[in-house]
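Here is the structure we will look at.
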Amino acid sequence: MRKYVRYHAGIPVDIVESKTETSLDHPRLHNVSLGGIECECEKHFPINTLVQVHIDILSPPFTVEGRIVWCKKVDSYYLFGIQFFGEMDIARLRVVEQISHIEHYRKEIREQEGRNLTGEEAAKEWIEIYAPHFP
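Residue numbers (the numbering used here): 37 to 171.
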């Protein structure tokens, strides 16, 4: 059983290997939880690789250091988990959780209702409807 609930994100993220300062090619953030994040990319990472994670859809951008805690091949790509270190980073990750919910809401509204909401419009609607129930 999971210690933390995961939320599907599906948002672009920039991940840089700390030791080599090499950026990953087109990684995508799959899931967010208070324990860390799950991402996808084309490269395998050894466990304990230190990385920096940048999420630019926030203002200011979310930047945090973490380490790869697992990595597995799925079809032609790899899924890997990143764990963060500090309590402040975990608290900031709650904001990323909310952003992922808002992005999911925005896509859902576009598909179901045909409305193309801006990020701000989607955030306002999502907050009004769902924020009181956000865990």
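Yeah, the Cβ is synthetic: ideal placement off N, Cα and C, and Gly gets one too. The structure presented is a predicted model; accordingly, all values stated were derived computationally and were not measured.
- By the CB criterion at 7 Å, proline 63 and valine 52 fall outside the cutoff.
- In terms of CA proximity to phenylalanine 120, Glu74 leads the group Glu74, Ser136, Tyr113, His66.
- For the options Gly71, Glu133, Thr85, the alpha carbon positioned closest to that of isoleucine 91 is the one of Glu133.
- Counting only runs of 3+ residues, the beta strand (DSSP E) found wholly inside the stretch 74 to 121 occupies 86 to 91, 98 to 110, 113 to 120, in chain order.
- Residues Tyr114, Leu115, Phe116 of the same chain have their beta carbon placed closer than 8 Å to that of lysine 108, with the five preceding and five following residues left out of the count.
- Between glycine 102 and valine 87, the C-beta gap is smaller than 7 Å, which places the two residues in contact.
- At the C-beta level, arginine 146 and alanine 158 stay beyond 7 Å of one another.
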